[in-house]
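Each residue of the sequence shown is one higher than the last, beginning at 796 in my numbering. We treat Cβ as the ideally placed atom computed from N, Cα and C, and that holds for glycine. Treat the numbers as computed from the prediction; the structure is a model and nothing was measured. In what follows, a single structure is set out as structure tokens and then discussed.
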Amino acid sequence: MGCPGAGKGTQSARLKETFGLTHISTGDMLRSEMAAGSALGKQVSALINQGSLVPDELMISMLEKVISQAQKGVILDGFPRTVAQAQALDTMMQRLERQINAVVMIDLPESEVIKRLSMRRLCKKCAKPAATSTQPACECGGELYVRADDAPASVKHRLEVYRAQTLPVKEYYQNSGKYVEINGNQTPDQVFEDIKNVLKKVK
Ligand code: AP5
Ligand code: MG
796 MGCPGAGKGT QSARLKETFG LTHISTGDML RSEMAAGSAL GKQVSALINQ
846 GSLVPDELMI SMLEKVISQA QKGVILDGFP RTVAQAQALD TMMQRLERQI
896 NAVVMIDLPE SEVIKRLSMR RLCKKCAKPA ATSTQPACEC GGELYVRADD
946 APASVKHRLE VYRAQTLPVK EYYQNSGKYV EINGNQTPDQ VFEDIKNVLK
996 KVK
């Protein structure tokens, strides 16, 4: 978990590489649908570009499909984002006889969010953010682009949506014994060390 720009995608990619977990980013999945021009992509593009959430029912059915197919452990990046999604995830986990091992919240002050997202460019091919603001292309050779929802008005709305709809999810997990907060305002290496330390203690 974490607000827009907290580093969820950056850290998930590292966890995937290091531990061979499956990375499920609901945002990346929705952007792929948009890029492919699918019916689903067309249905959600206006909501995403303005920074609003996609309806719960749609997200829940999308998630159930990918989680049930995953053989190994899964990193959920950007889901659950509402209390209804968190409740649906619990039901899904019971049905699939799987469990949530840890809920990792990456904390970042809003001033830092705005700075990061105003500079971010992403790769069309591998979906990773560019390491520097000046490089002409991604390390993998892919073309770089700016996400439509990184426009200042959309970032402002995403933060409002986060406070109103996603922060209650933090309360949902806070007393579960699985909830941990990490300081996201450190270098990516330091954040990764903190997350690995949390995962070492996971049952
Ligand atoms: P989503 O794609 O999940 O966007 P988000 O939550 O707003 O988060 P971001 O992807 O912008 O940030 P991030 O935390 O991944 O940070 P990153 O690692 O890229 O969702 C997009 C939209 O899809 C939603 O608004 C909604 O419409 C829809 N959606 C998705 N899931 C949904 C759901 N479950 N229900 C309903 N709707 C849903 O890092 C950001 C930048 O900072 C990068 O440039 C990176 O290089 C840099 N950076 C990362 N870490 C550091 C660090 N430690 N120090 C300095 N820079 C850093
Ligand atoms: Mg992301």
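| task | Go ahead and pull the three-state DSSP assignment for Val899. | result | strand
| query | Which stretch, first to last residue, makes up the beta strand (DSSP E) that contains Asn978? | reply | 974-978
| request: Grab the span of the beta strand (DSSP E) containing Thr813 for me, first residue to last. | output: From DSSP, Thr813 is part of no beta strand (DSSP E) but of the alpha helix (DSSP H) over 803-814.
| message | Is the separation between the beta-carbon of Leu848 and that of Thr821 shorter than 8 Å? | response | no
| Presumed contact (8 Å Cβ cut-off) between Gly797 and Met900, rounded CB distance | 6 Å
| Range of the contiguous alpha helix (DSSP H) that encloses Ser906 | 905-914
| request: Leaving aside the five residues before and after Val908 along the sequence, list all residues of the same chain whose C-beta is less than 8 Å from its C-beta, in chain order. | output: Cys798, Pro799, Gly800, Ala801, Val950, Leu954
| request: Could you tell me which residues DSSP pairs with Ser738 in its beta bridges? | output: The structure shown does not extend to residue 738, since the chain is modelled only from 796 to 998, so the question has no answer here.
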